[in-house]
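*Asks:* One gets our numbering by counting positions in the sequence shown from 1 and adding 1 to each. Glycine is no exception: its CB is placed at the ideal position from the N, C-alpha and C atoms. Given the structure is predicted, the values throughout are model-derived calculations rather than measurements. Dumping the structure here so I can ask a few things about it.
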Amino acid sequence: MITHFDMITGQPIADVQPNDRSDTGATAVPTPTLRMLTVQESIGAQHKVQRIPTAIAGLPVGELLDRWQ
Numbered sequence: 002m003i004t005h006f007d008m009i010t011g012q013p014i015a016d017v018q019p020n021d022r023s024d025t026g027a028t029a030v031p032t033p034t035l036r037m038l039t040v041q042e043s044i045g046a047q048h049k050v051q052r053i054p055t056a057i058a059g060l061p062v063g064e065l066l067d068r069w070q
């Protein structure tokens, strides 16, 4: 059970039914539809090339310094 309170007075409000509430703010959500991507969306969705490989995280610091000096 959930008790609702008046935010101004702090007094409990009588039981509020979900369909009686006007403060839900429910907006209509459009139903997604299947479609082909545009060229711009396709380019934006492609993975970017990483400049530094992820295996570098396991290397000792000395080896990293030797590689990039």
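With a threshold of 8 Å on Cβ separation, who are the neighbours of F6 within its own chain once the five nearest residues in sequence on each side are excluded?
*Replies:* For this step, residue 6 is matched to residue 5 along the sequence shown. Result list for F6: Q12, P13 and I14, in chain order.
*Asks:* What is the DSSP secondary structure of I57, counted as helix, strand or coil?
*Replies:* Against the sequence shown, residue 57 aligns to sequence position 56. I57: helix per DSSP, three-state reduction.
*Asks:* State the DSSP-derived secondary structure class of I44, mapped to helix, strand or coil.
*Replies:* By 1-based counting over the sequence shown, the position of residue 44 is 43. I44 falls in the helix class under three-state DSSP.
*Asks:* Bridge partners of I14, per DSSP?
*Replies:* For the purposes of this step, residue 14 is identified with residue 13 of the sequence shown, where counting begins at 1. Note: I14 sits in a beta bridge opposite H5.
*Asks:* Relative to the C-alpha of I3, which candidate in T10, I9 and D16 has its C-alpha closest?
*Replies:* Stepping through the sequence shown from its first residue, residue 3 is reached at position 2. The candidate whose alpha carbon is nearest that of I3 is D16.
*Asks:* Helix, strand or coil for L38? Go by DSSP, reduced to three states.
*Replies:* Taking the first residue of the sequence shown as position 1, residue 38 is located at position 37. Correct three-state label for L38: coil.
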